[in-house]
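Participant: Take a look at this one; I'll ask things after.
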Amino acid sequence: MKFKAFLTDNGINLLEKRILPALDKMGKICHLYFTRDHAFFLHNLLNSDGVQSIAQFKKESLFTDYRISSQNDDKIAFSIDLSLLHRALRSILAIYAESRDFNSNGLQIKLVKKLPPHSTQATPFLTFEAKGYKSAVVQDVPISKPLSRADVQELQLALEVSQEMPATLVKAPDLNLLQNFVDRMKHVGDVMGVTVSKYGDLHLQISTTLITLGAEFRKLMVLGERANGVDGDGNLSAQTRIERAVQRQDAMTVQASVKHFFKCLQYSSAKPDCAFYGIAPQGACLIVIFQFFIPGTRQTDKSISLHCRLPVLDPGSN
Amino acid sequence: MSSSAAVETEAEAPDLVCELDSVQGIVDALTSVRWKRHQDAVVELSEHGIVIIVEETGCLQAKVYLQREAHGRPRFGASLGLFVDCLNTFSVPGRSNILELQYPGPDMQLLLRSVDSPDACIYAEIRTRIPETISWDYNFEPAGSTPLSFTVKSAALKEAIDDLEWPGSSIQIKLQPTPPSVIFKGEGHGDLQIDFNYYANTDLLIAFSCDRQISHRFINFHLACHATTTLPSASTDFANHRYKYKFLRATTSNIPSSVIRDNRGSKLTIGRGGMLKVQHLVSVAKPSIPHPHVDSAGYQQPSRIAYIEFFVKPEVEDESVNDS
Numbered sequence: 143m144k145f146k147a148f149l150t151d152n153g154i155n156l157l158e159k160r161i162l163p164a165l166d167k168m169g170k171i172c173h174l175y176f177t178r179d180h181a182f183f184l185h186n187l188l189n190s191d192g193v194q195s196i197a198q199f200k201k202e203s204l205f206t207d208y209r210i211s212s213q214n215d216d217k218i219a220f221s222i223d224l225s226l227l228h229r230a231l232r233s234i235l236a237i238y239a240e241s242r243d244f245n246s247n248g249l250q251i252k253l254v255k256k257l258p259p260h261s262t263q264a265t266p267f268l269t270f271e272a273k274g275y276k277s278a279v280v281q282d283v284p285i286s287k288p289l290s291r292a293d294v295q296e297l298q299l300a301l302e303v304s305q306e307m308p309a310t311l312v313k314a315p316d317l318n319l320l321q322n323f324v325d326r327m328k329h330v331g332d333v334m335g336v337t338v339s340k341y342g343d344l345h346l347q348i349s350t351t352l353i354t355l356g357a358e359f360r361k362l363m364v365l366g367e368r369a370n371g372v373d374g375d376g377n378l379s380a381q382t383r384i385e386r387a388v389q390r391q392d393a394m395t396v397q398a399s400v401k402h403f404f405k406c407l408q409y410s411s412a413k414p415d416c417a418f419y420g421i422a423p424q425g426a427c428l429i430v431i432f433q434f435f436i437p438g439t440r441q442t443d444k445s446i447s448l449h450c451r452l453p454v455l456d457p458g459s460n
Numbered sequence: 006m007s008s009s010a011a012v013e014t015e016a017e018a019p020d021l022v023c024e025l026d027s028v029q030g031i032v033d034a035l036t037s038v039r040w041k042r043h044q045d046a047v048v049e050l051s052e053h054g055i056v057i058i059v060e061e062t063g064c065l066q067a068k069v070y071l072q073r074e075a076h077g078r079p080r081f082g083a084s085l086g087l088f089v090d091c092l093n094t095f096s097v098p099g100r101s102n103i104l105e106l107q108y109p110g111p112d113m114q115l116l117l118r119s120v121d122s123p124d125a126c127i128y129a130e131i132r133t134r135i136p137e138t139i140s141w142d143y144n145f146e147p148a149g150s151t152p153l154s155f156t157v158k159s160a161a162l163k164e165a166i167d168d169l170e171w172p173g174s175s176i177q178i179k180l181q182p183t184p185p186s187v188i189f190k191g192e193g194h195g196d197l198q199i200d201f202n203y204y205a206n207t208d209l210l211i212a213f214s215c216d217r218q219i220s221h222r223f224i225n226f227h228l229a230c231h232a233t234t235t236l237p238s239a240s241t242d243f244a245n246h247r248y249k250y251k252f253l254r255a256t257t258s259n260i261p262s263s264v265i266r267d268n269r270g271s272k273l274t275i276g277r278g279g280m281l282k283v284q285h286l287v288s289v290a291k292p293s294i295p296h297p298h299v300d301s302a303g304y305q306q307p308s309r310i311a312y313i314e315f316f317v318k319p320e321v322e323d324e325s326v327n328d329s
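Same order as they appear, the protein sequences are chains L and A. If you number the first sequence the way my numbering does, the last residue is 460 and the count never jumps. If you number the second sequence the way my numbering does, the last residue is 329 and the count never jumps.
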C-alpha cells in the first residue's frame with residue numbers, strides 16, 4: 143500500500159485557508175479516501191446518524207505527481223483528525239514558504255509507517271515533508287489503521303449512494319445572511335421543517351406548541367424540475383402558499399434538526415460561490431450542495447464538489 | 006350590534022397593528038429585563054404605548070415602554086424569552102428590518118411579519134395566554150415633596166453592582182447630602198463599599214437630589230443596620246435601604262453592552278417605604294442613519310427611545326415595616 147504526492151500551491155491554499163477549517167466544524171474526525179483519480183474527505187458515511195458530508199477533489203485540483211497503489215484496486219482509506227491535519231499543514235507552510243526553490247514540485251505528502259518513541263509497534267502516519275536551506279521539516283499526522291477491504295467497499299458504496307440527486311434544487315439566498323438567520327432561529331426550537339418548491343421557494347419553519355417562526359425565500363433560481371407559480375398565490379400567507387404547493391405536489395417538506403441545518407451553513411467559511419438546497423426522492427434526506435467557481439469566472443469548478451446530506455427526522459418524533 | 010357583526014369587526018380590525026422599524030433596539034430593551042431564561046411577560050397597550058411588564062413575585066418588577074401609536078386596549082401574556090428570541094431573528098444584520106406586529110391572530114396569537122422585502126419574508130406566531138393579574142402593585146410614591154434620587158452613568162452603575170457580587174447577599178444604598186454622595190455597601194461574605202461622590206466625580210454622578218427633611222424619618226429605624234459604617238455620625242445619613250443583591254443585579258446585569266456603550270445615565274429614585282426605582286433609556290433608533298429629529302444636543306423623539314423601569318422592594322426589616 144503506497145501513497146505519495148505533491149500538494150500544489152493551489153491545493154495548499156484551498157485546503158489550508160478554506161476547506162480544512164470548514165470541514166473541522168462538521169466534525170473533528172473524518173475519513174480520508176484516496177482513489178486513482180480523486181481524494182475525498184468523508185464525514186459520517188459509515189454510520190447513519192448525523193450529517194453526511196462529502197468533499198470530493200479531482201487529484202489535479204490538489205496534487206501533482208500523484209502515485210497510489212494498493213491491493214484493493216488502488217483505493218486507500220483511513221480516518222484522520224482534521225484539526226491535527228490542519229495544524230501540521232499550517233506549521234509546515236511556514237518553512238515551505240521560505241524555501242520554495244528547494245521544493246519546486248510542491249509539498250510532499252505520503253503515507254508512512256513509523257515506530258513511535260517508546261513503542262514497539264509501527265503505526266501509520268500521513269507525513270508532510272518540506273526541504274529548507276539548512277534543514278528538512280517533517281510533520282507526521284497520526285492516522286488510523288487503513289480501512290479493510292470490506293470497509294473500503296462499504297465506504298465506496300455509501301459514496302455512490304450519496305451521489306443521488308434531488309429532482310429540484312433551489313439556489314440558497316446569501317449564505318452569510320442565512321447563517322445569521324438560522325443562528326438566531328435555533329434558540330426557538332430544535333426541529334425545522336424545510337420545504338423546497340419547483341417555483342423556486344425555500345421555506346424554513348420551526349413550530350412548537352408556543353411559537354411558529356418561519357422564513358420564506360421566493361423566486362430563487364431553480365435547477366432541475368421546475369413549475370410556474372399559480373396566479374393569486376402571491377397574496378396568500380407564506381404558510382398557506384407552501385401548503386398548497388405541497389398539495390399540488392410542486393413542493394416537498396422534510397423535518398431536519400436545526401443543529402444539523404446550521405452546521406452545514408458553517409461551510410460558508412469555505413467560501414463557496416453558491417449553494418443549493420434540494421430534497422432527495424421520497425424525502426429520504428435534505429441535500430445541500432456547495433459550488434465553487436473557477437477563479438475569475440462564473441463557471442462551476444467541476445473538479446471540486448462539496449455537499450451534505452442531512453438526516454430527516456420522523457415527523458412524529460418532535 | 007349583533008354578535009356576528011361584532012366578530013366581523015374584530016376580524017377586520019385587530020386590536021393592535023403597528024410597524025416596528027428598529028427591531029434591534031427593541032431586542033436590546035427587552036433583553037435588559039430578561040433576568041432569567043423562562044420568564045412570563047404581560048403585554049399591555051395603554052396611553053403610554055406598548056408596555057411590557059415582567060416580575061418576580063412580590064420583589065421585583067420591570068416595565069419596558071415602547072412609545073408607539075396604538076389603538077385599543079388589549080392585554081395578554083406571553084413568554085418574554087420567546088418574544089425576544091423571535092424578535093432577534095428579525096433583526097439579522099445586513100438587511101433592513103421593518104416588522105409588522107399584529108394582535109390578535111385567529112387563535113389569539115401575536116403575529117409578527119417582516120414587510121420590507123417581497124421575496125424574503127420572515128413571520129412568527131407566538132402563543133399568548135390570559136395574563137395573570139400583577140401580583141403586587143408596584144405603585145411608586147415619592148418619599149416626600151422633593152424626590153430622593155440620583156442619576157449615574159449606566160456603565161458605572163453596572164460596574165458597581167457587578168463588583169458588589171463578591172460580598173453578595175444584601176446591599177445598602179445610602180444617599181447623604183453633605184457631602185452629596187451615594188454609597189453602595191455590601192455586607193455578606195465580606196464588606197465592600199462603593200462611593201459615588203458628586204463633587205469628586207461629576208462625570209459619573211450626573212444628578213443628585215437628597216433632601217434633609219423628608220429623609221429624616223429613615224434615620225431611626227436604620228440606625229441598627231449601619232452601626233459599623235465609616236460615617237462620622239448617624240445623623241448625616243439620610244436615606245438608607247437594603248436590597249437583595251440578586252434583585253439589584255437584575256436591574257443592570259442584562260443590559261446589552263451595545264446599550265451601555267451609548268453612555269447614557271440611569272436614574273435611581275427611592276420612594277415611600279424604600280421602594281427603589283431604576284430607570285434606563287434605550288435608543289431604538291437605527292444607529293447607522295442619523296435620525297432627522299435628533300438635534301445637536303442629542304435630543305431624540307420619544308418614539309425613538311424605549312423607557313425601562315425596574316421596581317425593587319427593599320428587604321423587610323422588622324423595624325422598618327411601619328414608616329408611614
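From the three backbone atoms N, C-alpha and C, an ideal C-beta is built for every residue, glycine too.
Applying the 10 Å Cβ sphere with the 16-neighbour rule, what's the burial state of Thr-36(A)?
Facilitator: Buried.
Participant: Can you tell me whether DSSP reads Leu-448(L) as helix, strand or coil?
Facilitator: In the structure shown, Leu-448(L) sits in a strand (DSSP, three-state: E or B).
Participant: Need the endpoints of the beta strand (DSSP E) that Glu-385(L) sits in, please.
Facilitator: Premise fails: Glu-385(L) lies in the alpha helix (DSSP H), 380-389, not in any beta strand (DSSP E).
Participant: My guess is that Phe-148(L) and Gly-248(L) are in contact by the Cβ rule of under 8 Å, so how many angstroms apart are they, rounded?
Facilitator: About 4 Å separates the two Cβ atoms, so the contact holds.
Participant: Who are the neighbours of Glu-358(L) on chain A, taking C-beta pairs under 9 Å?
Facilitator: Ordered by position in chain A, the residues that pass the 9 Å Cβ test against Glu-358(L) are Asp-124, Ala-125, Cys-126, Ile-127, Tyr-128.
Participant: Out of curiosity, what's the CA-to-CA distance linking His-194(A) and Glu-170(A)?
Facilitator: Rounded to the nearest angstrom, the two C-alpha atoms are 10 Å apart.
Participant: Would you identify the three-state DSSP class for His-462(L), choosing helix, strand or coil?
Facilitator: With chain L covering only 143 through 460, there is no way to say anything about residue 462(L).
Participant: Step through the CB atoms of chain L and report whether any lies within less than 8 Å of the CB of Ser-262(A).
Facilitator: So, not an interface residue.
Participant: Could you tell me if Ile-135(A) is buried or exposed, where buried requires 16 or more neighbouring beta carbons within 10 angstroms of its beta carbon?
Facilitator: With fewer than 16 Cβ atoms within 10 Å of its Cβ, Ile-135(A) is classed as exposed.
Participant: Taking only the alpha-carbon atoms, compute the straight-line gap between Asn-206(A) and Tyr-250(A) and give it to the nearest angstrom.
Facilitator: Answer to the nearest angstrom: the Cα atoms are 25 Å apart.
Participant: Any beta-carbon of chain L closer than 8 Å to the one on Val-97(A)?
Facilitator: Chain L, which has a Cβ nearer than 8 Å to the Cβ of Val-97(A), makes this yes.
Participant: Between the stretch 369-390 of chain L and chain A, which residues of the former have a C-beta closer than 8 Å to a C-beta of the latter?
Facilitator: Residues passing the 8 Å Cβ filter: Ser-379, Ala-380, Gln-381.
Participant: In chain order, what residues of the same chain lie with their CB nearer than 6 Å to the CB of Gln-66(A), ignoring the 5 residues before and after it?
Facilitator: Taken in chain order, the residues that qualify are Glu-60, Tyr-143, Phe-316.
Participant: Just the C-alpha distance for Leu-227(L) and Pro-163(L), rounded to the nearest angstrom, thanks.
Facilitator: Cα-Cα distance, rounded: 10 Å.
Participant: Kindly indicate the opening and closing residues of the alpha helix (DSSP H) around Asn-130(L).
Facilitator: Given that chain L is displayed from residue 143 to residue 460, the structure contains no residue 130(L) and the question cannot be resolved.
Participant: Is Ser-240(A) buried or exposed, if buried means 16 or more other CB atoms sit within 10 Å of its CB?
Facilitator: Since pLDDT at Ser-240(A) reaches only 38, below the 50 mark, its modelled position is unreliable, and no value is offered.
Participant: Are the C-beta atoms of Val-312(L) and some chain A residue less than 8 Å apart?
Facilitator: For Val-312(L), the answer is no, since every Cβ of chain A falls outside 8 Å of its Cβ.
Participant: Under 8 Å between C-beta atoms, does Val-338(L) make it to chain A?
Facilitator: So no, Val-338(L) is outside the interface.
Participant: Following the continuous alpha helix (DSSP H) through Gly-86(A), name the residue where it begins and the one where it ends.
Facilitator: First-last of the alpha helix (DSSP H) with Gly-86(A): 85-95.
Participant: Hey, could you find the ends of the alpha helix (DSSP H) Ser-263(A) is sitting in?
Facilitator: Residues 262-265.
Participant: My assumption, with CB atoms under 8 Å, is that Leu-187(L) sits in contact with Ala-292(L). Please give the rounded CB distance.
Facilitator: The Cβ separation is near 14 Å, so there is no contact.
Participant: Thinking C-alpha only, which one of Glu-271(L), Arg-326(L), His-260(L), Leu-428(L) is nearest Arg-232(L)?
Facilitator: Looking at the Cα atoms, Glu-271(L) is the closest of the given residues.
Participant: With DSSP as the reference, label Ala-229(A) as helix, strand or coil.
Facilitator: With a pLDDT of 30 at Ala-229(A), under the threshold of 50, the modelled position of that residue is not reliable, and the figure given next carries that caveat. Ala-229(A): helix per DSSP, three-state reduction.
Participant: According to the Cβ coordinates, are Ile-55(A) and Ala-46(A) closer than 8 Å?
Facilitator: Not a contact, by the Cβ cut-off of 8 Å.
Participant: State the start and end residues of the unbroken alpha helix (DSSP H) segment that holds Ile-31(A).
Facilitator: First-last of the alpha helix (DSSP H) with Ile-31(A): 28-36.
Participant: Once you ignore the five residues that flank Ile-260(A) on each side, which residues in its own chain have a CB closer than 6 Å to its CB?
Facilitator: Ser-37, listed in sequence order.
Participant: I think Lys-313(L) touches Phe-418(L), with their Cβ atoms under 8 Å apart; what is that distance to the nearest whole Å?
Facilitator: Contact flag correct, Cβ pair sits at about 6 Å.
Participant: Which residues mark the beginning and the end of the beta strand (DSSP E) in which Phe-183(L) is found?
Facilitator: Start and end: 180-185.
Participant: Report the neighbours of Leu-352(L) on chain A: residues whose CB is nearer than 8 Å to its CB, in chain order.
Facilitator: By Cβ distance, chain A contributes Ser-84, Leu-87, Ile-131, Arg-132.
Participant: Roughly how far, in whole angstroms, is the beta-carbon of Val-372(L) from the beta-carbon of Gly-342(L), given that I think they are within contact range, below 8 Å?
Facilitator: About 13 Å; that fails the 8 Å criterion.
Participant: Report buried or exposed for Ala-18(A), applying the criterion of at least 16 other Cβ atoms within 10 angstroms of its Cβ.
Facilitator: Exposed, by the Cβ-count rule.
Participant: In whole angstroms, what is the alpha-carbon distance linking Pro-152(A) and Val-283(A)?
Facilitator: Between Pro-152(A) and Val-283(A), the C-alpha separation is close to 13 Å.
Participant: Restricting to Cα atoms, I'd like to know which of Glu-367(L), Gln-381(L), Gly-366(L) is closest to Thr-354(L).
Facilitator: Taking only the C-alpha atoms, the option nearest Thr-354(L) is Gln-381(L).
Participant: Give the residues of chain A in contact with Leu-253(L), contact being defined as C-beta atoms less than 7 Å apart.
Facilitator: Ordered by position in chain A, no residue passes the 7 Å Cβ test against Leu-253(L), which lies about 45 Å from the chain.
Participant: Under 8 Å, Cβ to Cβ, is there at least one residue of chain A near Lys-159(L)?
Facilitator: No, no contact with chain A.
Participant: Under DSSP, the alpha helix (DSSP H) around Met-327(L) begins and ends at which residues?
Facilitator: Segment 317-327, the alpha helix (DSSP H) holding Met-327(L).
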